[in-house]
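J.:
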């Protein structure tokens, strides 16, 4: 047998040994079977920070509560969701409007007043991942500060939309926008200078703003 033929036979015989101990990977099959796991837009153990504009509207000139007719303002909130559906939060906002008849002893004037509000909320939300939406309801309580302090309770509903999967990680993990409305209960009372006329203390609010989640 000639030397070249012997060399070929030896090479063929040794070829299985050359691959001994090495894993043979079918890259085509691996790529096909690989699953991409995407993090949900609305998750549990979610921390939120938000900023919003707020509009409060009373009953009109006979409103006897913390303001007369309406106020505008802006505020911030911090929320934490234990699960995808249940969370708690704290909020603050300042608003600007006309003095109420109660503030001015029943006489309606054009005086303006700055008011501050602090409160806490309990949220119940229902995320719809396919639409990037989460309708929610919430209840809470707090205090309004101005010429005097007013304890209050409130309940409302809203909608949040998450439109960014990721923004700069240093800034936020998710970004969303939200709108909601609420009814605030303060009760009712007689006007200070006219005990025959009962004034309405309660009012409606609307908020719109951004939420940054981590």
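In the working numbering, the protein residues as written are -17 to 196.
Note that CB positions come from ideal geometry on N, CA and C, so glycine has one too.
Computed from a predicted model, the values in this text were never measured in an experiment.
Using the Cα positions of residue 53 and residue 20, report the straight-line distance between them to the nearest angstrom.
T.: 43 Å
J.: Which first and last residues belong to the beta strand (DSSP E) in which residue 53 is found?
T.: Element bounds for residue 53: 50 to 63.
J.: Assuming contact is defined by CB atoms lying nearer than 9 Å, are residue 144 and residue 99 in contact in what I supplied?
T.: no
J.: Taking Cβ positions, are residue 61 and residue 32 nearer each other than 9 Å?
T.: yes
J.: With a cut-off of 8 Å on the beta carbons, I'd call residue 160 and residue 193 a contact; round off their distance for me.
T.: 6 Å
J.: From the DSSP output, in three-state form, read off residue 73 for me.
T.: strand
J.: Assign residue 182 to one of three DSSP states: helix, strand, or coil.
T.: strand
J.: What number of angstroms, rounded off, separates the C-alpha of residue 184 from the C-alpha of residue 170?
T.: The alpha-carbon of residue 184 is positioned some 7 Å away from that of residue 170.
J.: Ignore the nearest five residues each way along the sequence and tell me which others in residue 168's own chain have a CB closer than 7 Å to its CB.
T.: Taken in chain order, the residues that qualify are 47, 132, 134, 183 and 184.
J.: To the nearest angstrom, how far is it from the Cα of residue 57 to the Cα of residue 141?
T.: 18 Å
J.: Assuming residue 105 contacts residue 71 under a Cβ cut-off of 8 Å, what Cβ separation, rounded to an integer in Å, is found between them?
T.: 6 Å
J.: Just to confirm, is the Cβ distance from residue 24 to residue 109 under 9 Å?
T.: yes
J.: How would you write the range of the beta strand (DSSP E) that residue 118 sits in, first residue to last?
T.: Membership of residue 118 in the beta strand (DSSP E) is indicated by the continuous run 115 to 127.
J.: Going by DSSP in three states, residue 28 sits in which element: helix, strand or coil?
T.: In the structure shown, residue 28 adopts extended strand secondary structure according to DSSP, grouped into three states.
J.: If you draw a straight line from the C-alpha of residue 157 to the C-alpha of residue 137, how long is it?
T.: 25 Å
J.: Give me the Cα-Cα distance between residue 69 and residue 38, rounded to the nearest whole angstrom.
T.: 24 Å
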